[in-house]
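Undergrad:
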Amino acid sequence: MSSRSPTSRLAPLKLVSACVAVGLHAAVLAMVLSAPVVEVAQGRPEALDVQFVELGPAIEPEPVAAAEPQPQVETPPEPEIIPEPEPIIEPEPEPEPEPVVETPEP
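Numbering (full-length UniProt numbering), first residue to last: 1 to 106.
Spelled out as structure tokens, the structure:
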């Protein structure tokens with residue numbers, strides 16, 4: 001069993017929740033104070049329009065199809081480059097030794 005009481009485990013959660021609530025209130029107050037006073041005084045409440053955005057997976061826009069597809073010009077295939085074979089190097093023949101002719105001794 002844990003030595004911490006159930007209320008001490010919820011303390012960080014309560015602190016984070018309080019910070020989020022204060023932050024949201026500050027954001028709304030900043031939006032109201034940053035609205036031009038002239039537009040609000042003229043009866044244009046859209047100056048204080050609050051929009052809620054639903055967070056979800058990003059949807060990629062589909063590419064718009066062109067009115068007329070561009071004709072594709074076929075390029076001729078490049079000729080294959082055939083490498084030249086390496087010349088066969090034959091080793092030089094070894095010189096044949098001269099036959100030894102024994103001369104008789106006088």
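The C-beta atom is built at its ideal place from N, Cα and C for all residues, glycine as well.
Kindly list the residues whose CB is nearer than 7 Å to the CB of Met1, restricted to its own chain and excluding five residues on each side of it in sequence; keep chain order.
TA: The predicted model places Met1 with a pLDDT of 45, which falls under 50 and marks its position as unreliable, so this point remains unresolved.
Undergrad: So, helix, strand or coil for Met1, using DSSP?
TA: The pLDDT assigned to Met1 is 45, lower than 50, so where the model puts this residue is not dependable, and the model offers no usable value.
Undergrad: According to the neighbour-count rule (16 or more other Cβ atoms, all chains shown, within 10 Å of its Cβ), is Ala21 buried or exposed?
TA: It is exposed - the Cβ of Ala21 has fewer than 16 other Cβ atoms within 10 Å.
Undergrad: Quick one: what does DSSP say Ala27 is sitting in, helix, strand or coil?
TA: Looking at Ala27 - three-state DSSP - the assignment turns out to be helix.
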